[in-house]
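Asker:
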C-alpha cells in the first residue's frame, strides 16, 4: 500500500477493517429509557468539567438496534447524565455496553462513544418490557416497564431523542502521553418517530467493579419511555480541547463574528 493511501483507510487491519465507512443508518431502533434520581455528588465526581451537573437525574437506556447499515444487529445499554455546557442543556454519555465489535470499534475510533464489551438484551416478557445487562457471566442491571400502557406524544419523544449530547474522547500516543483529549458535541436531527409510549417502570443495578453502573444508585424512578425510531447518527464537533491553549470556535459562532 502506497504512503498516500495509508491514512485514507478507515481502520486496521488494512485488508479487513474493523468497520466500514459511515454514515450509519438505524432502522427500527428501539429505546427503553428510565429516568431515575441518584446522588448528585456521585454525578459531580464523574462528569468532566466544563460540563455542569444541575440535577440528580440519570437516564438508564437499553437500545435494541436490529438493522444497522454496515454494523448488523446488537443491543446497547448505558447511562446518560443531563448536563449544561455554556448555557446549553444536553446529555453527557457516561457509559455504553454492547457485544458487537464493529460497533464498539467504530464508536470509539470515529466518534467518542464510551463503549465497552457487555451483553444487553431487550425483550417482551408477557405484559412487561424487559431490559438487561450482563458483564461476563454476571447480571449488572435489570429494567422492567409496563408494555405500552399509554401513548407518548411524538414531539415529546423527539425531544428526548434529539437533545444535544456530549462525550469525552481521550486517546494516548505511543509515549504514554495524552494525544487527544476533547469534549465533543452531537445532535440527532435525521429521525422518524414510529411509535412512543410511557409506562411505570423499575430498575435494579448490581455492584460490579468493571461495570460500575450501581455507583449511581437508584433512589427513585421518575419517568420511563419506550420509543421506536429510524435515525442516522450525526458527525460530532469538538467544543472543548483539554490540550489546547485556545479553544475551538463553533461554526455558528464564526458566522456571528462575520
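Numbering (this note's numbering), first residue to last: 555 to 812. The beta carbon of each residue, even a glycine, is placed where N, CA and C say it ideally should be.
1) As an exercise, report each continuous beta strand (DSSP E) stretch of at least 3 residues that is fully enclosed by the region 670–724, in chain order.
2) Under 8 Å Cβ to Cβ from residue 778, same chain only, skipping five residues before and after it: list those, please.
3) Would you give the residue range spanned by the beta strand (DSSP E) that residue 663 belongs to?
4) Taking residue 741 as part of the alpha helix (DSSP H), name the residues at either end of that continuous run.
5) On a CA-only basis, which of 593, 579 and 564 is nearest residue 774? Give me that one, please.
6) Short of 7 Å in beta carbon distance, which residues of its chain neighbour residue 717, apart from the five on each side in sequence? Order them along the chain.
7) Can you find the residues in the same chain that come closer than 8 Å, C-beta to C-beta, to residue 654, ignoring five residues on each side of it along the sequence?
8) If you draw a straight line from the C-alpha of residue 566 to the C-alpha of residue 573, how long is it?
9) What is the rounded straight-line gap between the Cα of residue 766 and the Cα of residue 691?
10) Check whether the Cβ atoms of residue 651 and residue 787 lie closer than 7 Å to each other.
11) Cβ of residue 720 within 7 Å of Cβ of residue 739?
12) Give me whichever residues DSSP pairs with residue 643 in a beta bridge.
13) Step through the CB atoms of chain C and report whether any lies within less than 7 Å of the CB of residue 796.
14) Quick one: is residue 580 buried, meaning 16 or more other Cβ sit within 10 Å of its Cβ, or exposed?
15) Identify, in the order they occur along the chain, each residue of the same chain with its Cβ nearer than 6 Å to the Cβ of residue 684, setting aside the five sequence neighbours on each side.
16) Could you work out which residue in 681, 694 and 665 is closest to residue 672 when comparing CA atoms only?
Answerer: To lay it out plainly:
1) 673–679, 682–689 and 692–700
2) 586, 587, 588, 589, 699, 752, 753, 754 and 755
3) That residue, residue 663, is in no beta strand (DSSP E); its alpha helix (DSSP H) goes 655–663.
4) Note, residue 741: premise wrong, no alpha helix (DSSP H); not H, not E.
5) 593
6) 644 and 645
7) 625, 626, 627 and 628
8) 9 Å
9) 15 Å
10) no
11) yes
12) 638
13) Absent from the structure: chain C. Only one protein chain is present.
14) buried
15) 677 and 698
16) 694
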